[in-house]
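Chains as they are written, first to last, in my numbering: chain R, 5 to 594; chain Y, 566 to 814.
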């Protein structure tokens with residue numbers, strides 16, 4: 005079997021992976037960096053981020069303000085030392101991206117422009133029209149092209165981490181074009197594979213977001229952290245799950261129910277105003293807005309569609325000029341995919357799965373407890389997002405912690421020994437497994453799409469916006485059954501050339517694994533906090549649960565759960581308050 | 566609306582087939598379904614071996630470009646209902662002028678090499694430290710290159726370009742537009758470096774201004790405009806070399 009050797013290997017070529025690759029190359033230009041990605045890097049899901057990237061740059065704003073918004077938005081489950089690092093380094097990273105050519109939107113005087121964003125008290129969100137993620141990813145990708153130390157493995161699918169002597173030493177990967185399976189070794193490996201929104205049926209996430217890195221790390225023995233915290237974005241288009249950015253609300257859009265009523269005022273989110281007010285009404289945090297939707301459904305005040313109940317986002321009063329200049333992509337998406345013109349019509353929206361707060365547990369340098377393994381971006385949980393991520397924190401997060409992980413992995417890689425000989429044997433075993441269980445398999449009965457859709461159903465009804473013991477237990481049982489049935493999977497495609505059915509099967513096995521960790525972690529946390537709302541355990545329970553949940557994979561495949569302390573530095577837990585009274589109560593809470 | 570619609574999909578497996586052939590599938594015709602939804606329906610329900618790329622289904626990742634009834638299209642943005650009244654199957658083929666790996670998947674490594682060759686990154690003689698803040702750029706300066714920065718690398722423009730079809734050495738619309746995106750950026754100082762690649766026959770002079778690239782671009786990048794604009798720049802620069810050889814570079 006072929007084996008290739010590198011110093012640092014990135015799995016995933018999205019924002020975090022590319023930022024990490026550049027960080028490695030800049031830390032030591034003599035290191036060999038490999039970027040292994042199942043898609044061409046510029047196809048990665050970072051490309052879909054719309055709204056912006058938070059970083060303190062304007063006078064009148066402070067790092068402490070950004071930290072406090074992040075920590076309170078995360079319902080005090082963020083590690084405050086990590087948040088302090090994050091808010092300090094975010095503006096530097098965003099400026100670095102400016103120096104690399106990112107076309108940030110500007111003020112008339114040529115300085116960076118910022119906009120308001122949900123959950124942020126000050127205007128600090130940098131944006132590149134409403135295609136921020138697209139510009140960020142393409143700027144990073146194009147910039148990596150100038151570093152000769154970076155070797156890309158485009159359209160290679162990683163199936164396993166190679167672990168020997170307690171440290172990660174590389175991966176086994178399948179080249180889609182040729183069907184070749186080989187070991188790619190390195191002295192350190194950084195997972196940058198993004199989240200796992202595709203575990204759920206309605207999601208803004210692209211089809212590639214199947215939790216690969218989370219499953220790879222978990223199976224290799226690294227713990228996942230806070231997996232029960234799954235963010236719903238309150239405004240996705242039904243059927244496609246296409247995201248209508250929060251910017252549509254920060255520009256002044258209203259959320260209304262079937263009676264045309266701005267229903268958020270009924271859920272402690274403030275009182276309606278004509279002009280948008282930060283942290284008030286439509287600019288409240290994502291979890292609270294999504295929960296309000298479920299209550300509206302229960303009250304029968306939503307509109308029924310073939311894709312289930314919806315509310316409406318109203319932009320009409322903003323007028324053609326604002327919509328075209330500030331929200332062109334929103335209009336384009338509505339016209340192209342729903343045949344709706346937001347200048348004249350209401351946009352149907354529903355909450356859709358958007359982001360995983362949880363992920364592979366890392367320290368502030370992206371290092372996991374497993375030697376040689378790092379993670380950054382959505383796949384990781386540092387945690388700066390706690391129980392609920394604020395909009396426009398994920399792009400700076402992948403830059404800050406991508407850079408940190410890249411640097412740390414580079415330094416560690418310089419000291420580490422070359423891979424041990426035993427990993428070659430492991431790689432050969434993995435190749436055999438892929439050939440026997442998938443490529444050469446005949447006679448299975450279960451269709452991939454059937455198991456996938458039953459998994460979706462189980463996750464949505466068991467571990468959705470509201471959960472309880474009964475719903476979660478049912479989901480856990482169902483997932484166990486599906487994992488059993490997965491062994492009898494039917495593969496139509498036995499070709500070695502670009503076998504997307506094999507990829508779909510491997511992705512499904514990863515999703516079943518990750519879905520189970522979400523459900524088990526949600527069962528374990530018997531309180532309600534941020535995006536994790538238990539109808540049988542209402543309210544936050546700081547005495548027992550001001551702690552991270554860690555889930556480990558036992559050698560027999562079963563799961564083990566533990567708690568880990570939350571780092572509190574300067575902001576003791578307070579009440580999360582939104583709306584016009586928020587200022588007063590927050591001062592008291594501080 | 567009829568209840569189903571037929572798709573005629575090009576199938577080709579290098580391990581099995583000497584020649585590509587078409588396979589016909591009937592799929593439900595739904596108002597909000599795009600061609601990509603139909604392909605996914607086939608893959609999930611009928612034939613798991615059908616091979617194509619896709620990811621975001623919102624026209625931004627650039628993966629799902631194919632020929633639909635002979636025209637280059639993003640299949641995630643092409644409604645089936647547009648073809649409902651044509652009384653013939655919708656023909657889906659891989660992007661034209663690219664080698665086919667399998668079914669609807671084409672080989673794009675040639676494009677990746679060309680992309681890199683135009684140095685699509687910001688080139689400065691002297692970098693200022695990040696601690697000194699941003700390079701100022703007014704909204705007007707941003708507007709000069711912004712449209713060229715919108716390219717999603719979907720390659721529809723290559724599939725539409727007859728010059729690329731005849732001469733695959735041609736750098737092609739997207740790569741030239743991207744070079745021009747950096748050339749026009751007020752922060753960039755690399756136009757001269759890029760000229761070595763662009764001002765040769767395989768660069769801008771290969772283009773005979775057919776303009777098809779701009780017509781099919783789903784992001785309104787206007788590569789044809791970029792190429793014409795650059796031809797003018799290159800001509801002026803060339804004259805400068807004749808008239809003032811000491812001043813041109």
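By construction, the Cβ of each residue, glycine as well, lies at the ideal position given by its N, Cα and C atoms.
Predicted, not measured: the structure shown is a model, and the values here were computed from it.
Kindly give me the distance between the Cβ atoms of residue i and residue j, rounded to whole angstroms, as I take these residues to be in contact under 8 Å.
i, j, result
"residue 128(R)", "residue 65(R)", "5 Å"
"residue 826(Y)", "residue 687(Y)", "The requested residue 826(Y) is not part of the displayed model; chain Y covers only 566 to 814."
"residue 49(R)", "residue 198(R)", "5 Å"
"residue 386(R)", "residue 196(R)", "With 8 Å as the limit, residue 386(R) and residue 196(R) do not qualify as a contact, their Cβ atoms being about 13 Å apart."
"residue 408(R)", "residue 368(R)", "7 Å"
"residue 427(R)", "residue 166(R)", "4 Å"
"residue 316(R)", "residue 351(R)", "6 Å"
How many Å lie between residue i and residue j at the Cα?
i, j, result
"residue 783(Y)", "residue 637(Y)", "10 Å"
"residue 773(Y)", "residue 807(Y)", "25 Å"
"residue 776(Y)", "residue 669(Y)", "25 Å"
"residue 362(R)", "residue 532(R)", "16 Å"
"residue 276(R)", "residue 643(Y)", "39 Å"
"residue 234(R)", "residue 795(Y)", "48 Å"
"residue 712(Y)", "residue 173(R)", "44 Å"
"residue 464(R)", "residue 292(R)", "18 Å"
"residue 570(R)", "residue 82(R)", "7 Å"
"residue 160(R)", "residue 59(R)", "34 Å"
"residue 482(R)", "residue 462(R)", "7 Å"
"residue 814(Y)", "residue 804(Y)", "Caution is warranted here: a pLDDT of 44 is assigned to residue 814(Y), below 50, making its placement in the model unreliable, and no coordinate value can be reported."
"residue 586(R)", "residue 200(R)", "Confidence at residue 586(R) is low in this model, with a pLDDT of 48, below 50, so the placement of that residue is unreliable and no value is reported for it."
"residue 340(R)", "residue 626(Y)", "15 Å"
"residue 228(R)", "residue 365(R)", "5 Å"
"residue 484(R)", "residue 185(R)", "29 Å"
"residue 98(R)", "residue 572(R)", "26 Å"
"residue 779(Y)", "residue 123(R)", "41 Å"
"residue 590(R)", "residue 259(R)", "Annotation note: pLDDT 40 at residue 590(R) (below 50); position unreliable, coordinate value reported separately. If I take the Cα positions, the gap works out to 26 Å."
"residue 191(R)", "residue 605(Y)", "39 Å"
"residue 797(Y)", "residue 28(R)", "40 Å"
"residue 26(R)", "residue 704(Y)", "29 Å"
Who are the Cβ neighbours of residue i in its own chain at under 6 Å, not counting the five residues just before and after it?
i, result
"residue 294(R)", "236, 238, 355 and 469"
"residue 581(Y)", "none"
"residue 565(R)", "528 and 555"
"residue 398(R)", "none"
"residue 432(R)", "5"
Give the DSSP bridge partners of residue i, in chain order.
i, result
"residue 602(R)", "Here chain R comprises residues numbered 5 to 594, so residue 602(R) is not present and cannot be evaluated."
"residue 160(R)", "179(R)"
"residue 130(R)", "57(R) and 118(R)"
"residue 573(Y)", "589(Y) and 656(Y)"
"residue 557(R)", "563(R)"
"residue 644(Y)", "599(Y)"
"residue 237(R)", "356(R)"
"residue 110(R)", "116(R)"
Tell me which residues share the same chain as residue i and place their Cβ nearer than 8 Å to its Cβ, disregarding the 5 neighbours each side in the sequence.
i, result
"residue 667(Y)", "577, 578, 579 and 616"
"residue 158(R)", "17, 41, 43, 44 and 45"
"residue 280(R)", "120, 253, 254, 255, 256, 286 and 287"
"residue 489(R)", "450 and 455"
Could you pull out every residue in the same chain whose Cβ sits closer than 7 Å to the Cβ of residue i, ignoring the five residues on either side in sequence?
i, result
"residue 584(Y)", "none"
"residue 139(R)", "106, 107 and 132"
"residue 334(R)", "134, 248, 249, 252 and 346"
"residue 719(Y)", "627, 630, 639 and 783"
"residue 344(R)", "338 and 351"
Below 7 Å on C-beta distance, what does residue i contact in chain A?
i, result
"residue 138(R)", "In the structure shown, chain A cannot be found, because the protein chains are R and Y."
In the stretch 606-637 of chain Y, which residues sit with their C-beta less than 9 Å from some C-beta in chain R, listed in chain order? 608, 609, 610, 612, 613, 614, 615, 616, 617, 618, 619, 620, 621, 622, 623, 624, 625, 626, 627 and 628
With 7 Å as the C-beta to C-beta threshold (strictly closer), list the residues of the stretch 103-125 of chain R near chain Y in chain order. 103, 104, 105, 107, 110, 112, 114, 115 and 116
Closer than 7 Å, Cβ to any Cβ of chain Y: which residues of the stretch 5-31 of chain R, in chain order? none
Below 7 Å between beta carbons is the criterion; list the residues of the stretch 571-584 of chain Y that meet it against any residue of chain R, in chain order. 578, 579 and 580
Would you list, in chain order, the members of the stretch 341-355 of chain R that have their beta-carbon closer than 9 Å to a beta-carbon of chain Y? 341, 342 and 343
Against chain Y, which members of the stretch 440-456 of chain R pass a CB distance test of less than 9 Å? 451, 452, 453, 454 and 456
For the stretch 728-760 of chain Y, which residues have a beta carbon sitting closer than 8 Å to at least one beta carbon of chain R? 743, 747, 750, 752 and 753
Beta carbons nearer than 7 Å to chain R: which residues of the stretch 777-803 of chain Y have them? none
Give, in chain order, every residue of the stretch 79-102 of chain R whose Cβ lies closer than 8 Å to some Cβ of chain Y. 96, 99, 100 and 102
Can you pull out the residues from the stretch 652-669 of chain Y whose beta carbon lies closer than 9 Å to at least one beta carbon of chain R? 666, 667 and 668
Could you list the residues in the stretch 503-531 of chain R with a C-beta less than 7 Å from some C-beta on chain Y, going in chain order? 504 and 505
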